[in-house]
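Encoded as structure tokens, the structure appears first; notes follow it.
Chains as they are written, first to last, in the working numbering: chain A, 6 to 377; chain B, 6 to 377.
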């Protein structure tokens, strides 16, 4: 390597003494403000229209060589419906979004997804504790991760959320990435990590009830899905009383019944106010804690009606409308605590991976999805 | 009164023994599904296109004789702009909406407003605790309240949100109405009731901290506004430690400083991630509880950055984006609890009116707004 002559770049020590990498010398921010180019200087990367995704690092950043993108389910669904399941058109739009915005953030849903890759470069001031060669999953959303794609997504048919990809991604000082575990396949681990915020928050909320001496009735809408099945397992593990799994079809009901994750499996349309609340009531509800893991719009008021007065609703679906939830509860005179499903809880990845390892039924559901 | 011969009506005991009223005998729903005629049976009244507003009660309903409608600000603005401030045309459209839909829900904005009236009839099974003759404000939106108008709005010039009106409105079993206090003007009481969910939820959340022996630092974004000033007063009242009021301008800062509602008044743009968090930190933050009462988009991540790890954010602004909050916290690796500002907390109207009475500074801020 030779020193650069550009004033905003310099070579400095990398992760080991005998290594030098090129880093930028303008100031950087642990939350990535320095990468925001539109609107510059005022928005955080997630809210930004455009971020600078060039793969030259600031000293506290990490560069990832991308292997796979996992698009957020709500995002993929929106793209797929918009293009009537035309895979080539979906692929073209994803490429266009990344080229235009410098990140894979669906402009309609606002959501992103996550990625798997290998650490390619570690800035000398990175606090993340990663080493070159580590195989990692990023646990911050693609909606704020500077991303380039160099293979035109030629190995992807545009028909699934899992996108084989070549390119680069950048982690900031305050990002989250988890090393992929040795005992699970990367695809399986990624699938778990993608939804690991849900079981962690469910465990915390149920734990609060248990601390007060209550074993809450928990209803999980979308209980046979990824975040749903982990949420059911987490609820049980944290000391929940009755666990209800709500699913839309007999097929999913059979899957969930077989898993034994729920005490009661209910078939109901989570968008139907009375359909849902009647079904939950018949299965031993209303719920003290309702967990919304169904990524379709219109579940806000039905979830409220299925929840006991004084109960808690955790909205994990990115299709949730803030005003529908806020005005919906008011319109129903519902005294419910409504939580925005924060995807970050300390230790969330380890908790979810551990639940999967300890709960064969969850693992079987995940592996069945992988095989689909 | 004589018994009816119609099979779906019967006379039964009213609120007192010597009174009989005519009620319907088909089943009713506490959330008003029985009044939805389009699409029948599947939508809640707020989502419905048309509701049945005929003033004959089901046993759990209450009939209100309407005095005044207060149109939602966004709704009135849309109507006024559409008709170029032609008051007669605005009036004609409001009459048409109510006649067509059976409720005053602006088809463009989706919003309604609230009303003042007098209780005219109380169904024998109504759980609302109202009596004939009570002067009340409805605290559920007009967008879901069955409404008839009988005076063609002849006393309204179509030029203000406040609409003198004659007609009837129906409250369901699970509606909310508050008796108007004798000691406050109806306009002042209505203004307080319009935002009463905010101080009630702030009081509850701060109270939870206090129960655990913590006097939390509370930051209210938009602290000089209606919901903001009441939230500051509620936080103090519930045992908060340091109270910070964040405002956008020197003018509002002067107002809030004079009120003494905050220990520290901070001027910052609530949409600026670093601007806000730096300002809050300089004033003694980060906050344990951050309350967002600023009705502009883009405050989600700034609020997260201004909040301590393990802290709580209550979003009251209808401009809040669910995905910006959820993904924003994840993207910042922020372990914060985020609450959707539910407009209903039991006792919210009384709590807010009581705060106004006991806090001259809050009352002065509200009265200054009334005089504007």
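Ideal placement from N, C-alpha and C gives every residue a C-beta, glycine not left out.
Name the residues in the segment 329-356 of chain A whose C-beta lies less than 8 Å from a C-beta of chain B; which are they? 330, 331, 332, 333, 334, 335, 336, 337, 338, 339, 340, 341, 342, 343, 344, 345, 346, 347, 348, 349, 350, 351
Would you identify the three-state DSSP class for residue 284(A), choosing helix, strand or coil? Of the three classes helix, strand and coil, the one that applies to residue 284(A) here is helix, per DSSP.
Among 228(A), 141(A), 93(A), which residue has its Cα nearest to the Cα of residue 187(A)? 141(A)
Looking at the secondary structure, which residues open and close the alpha helix (DSSP H) in which residue 361(B) lies? 353-363
Please name the residue in 175(A), 258(A), 320(A) whose C-alpha comes closest to that of residue 135(A). 175(A)
Note the first and the last residue of the continuous alpha helix (DSSP H) segment covering residue 309(A). 305-310
Sufficient close CB pairs (3 or more, under 8 Å) joining the segment 343-353 of chain B to the segment 196-213 of chain B: yes
If we cut at 9 Å on Cβ distances, does residue 233(A) have a partner in chain B? no
Taking a Cβ distance cut-off of 8 Å, strictly less, list which residues of the segment 181-213 of chain B are near chain A, in chain order. 181, 202
Chain-order list of residues whose beta-carbon lies under 8 Å from that of residue 287(A) (same chain, five-residue window excluded): Same-chain partners within the cutoff: 271.
Strictly by DSSP, which residues pair up with residue 167(B)? 75(B)
Listed by chain order, chain B residues near residue 325(A) by CB distance under 7 Å: 327
So, at 7 Å on beta carbons, what are the nonlocal neighbours of residue 298(A) in its own chain, with the 5 sequence-adjacent residues on each side left out? If we look at residue 298(A) and ignore the five residues flanking it on each side, its Cβ neighbours are 203, 225, 226, 227, 230, 232, 233, 236, 321, 322.
Could you please give the first and the last residue of the uninterrupted alpha helix (DSSP H) stretch that includes residue 94(A)? 92-106
Presumed contact (8 Å Cβ cut-off) between residue 223(A) and residue 245(A), rounded CB distance: 5 Å
Contacting residues, own chain, Cβ-Cβ under 7 Å from residue 157(B) (five flanking each side not counted): 100
Is the beta carbon of residue 89(B) within less than 8 Å of some heavy atom of the ligand ZN? Looking for the ligand ZN in the displayed structure turns up nothing, as the structure carries no ligands at all.
Interface residues of chain A around residue 145(B) at Cβ under 8 Å? Here the neighbours are 335, 336, 338.
Using DSSP with H/G/I as helix, E/B as strand and the rest coil, what is residue 323(A)? DSSP places residue 323(A) in coil when its eight states are reduced to three.
Near-chain A residues of the segment 272-285 of chain B - C-beta to any C-beta below 9 Å: 274, 276, 277, 278, 279, 280
Proximity to residue 300(A) [Cα-Cα], best of 328(B), 303(B), 302(B): 328(B)
When the Cα atoms are used, what is the spatial distance from residue 81(B) to residue 198(A)? 47 Å
Taking just the CA atoms, how far does residue 240(B) sit from residue 2(A)? No statement about residue 2(A) is possible, as the shown extent of chain A runs from 6 to 377 and does not include it.
For residue 42(A), which residues from the same chain have a beta carbon less than 6 Å from its beta carbon, with the 5 sequence-adjacent residues on both sides left out? 55, 57
With a cut-off of 9 Å, does the C-beta of residue 134(A) fall near any C-beta of chain B? no
Chain A contacts from the segment 37-50 of chain B (Cβ-Cβ distance under 7 Å): Cβ contacts with chain A come from 38, 47, 49.
When the cut-off is 9 Å and only beta carbons count, does residue 174(B) lie next to chain A? Not closer than 9 Å to any Cβ of chain A, the Cβ of residue 174(B) fails to qualify, so no.
Separation of residue 14(A) from residue 130(A), as counted between CA atoms: 15 Å
Tell me, which residues are paired with residue 249(B) by DSSP? 224(B), 269(B)
Using 8 Å as the cut-off, can you tell me whether the segment 68-75 of chain B makes contact with the segment 117-133 of chain B, which would need three or more C-beta pairs spanning the two stretches below that distance? yes
Within a Cβ cutoff of 8 Å, which residues of the same chain sit near residue 61(A), ignoring the five residues on either side of it in sequence? Around residue 61(A): 14, 27, 28, 29.
Please classify residue 159(B) as buried or exposed, where buried requires at least 16 other C-beta atoms within 10 Å of its C-beta. exposed
Are the beta-carbon atoms of residue 275(A) and residue 266(A) separated by less than 9 Å? no
Quick check: residue 107(A) and residue 153(A), are their CB atoms within less than 9 Å of each other? yes
Tell me whether residue 162(B) is buried or exposed, calling it buried when 16 or more other Cβ atoms sit within 10 Å of its Cβ. exposed
Name the chain B residues whose beta carbon is nearer than 9 Å to that of residue 167(A)? Ordered by position in chain B, no residue passes the 9 Å Cβ test against residue 167(A), which lies about 20 Å from the chain.
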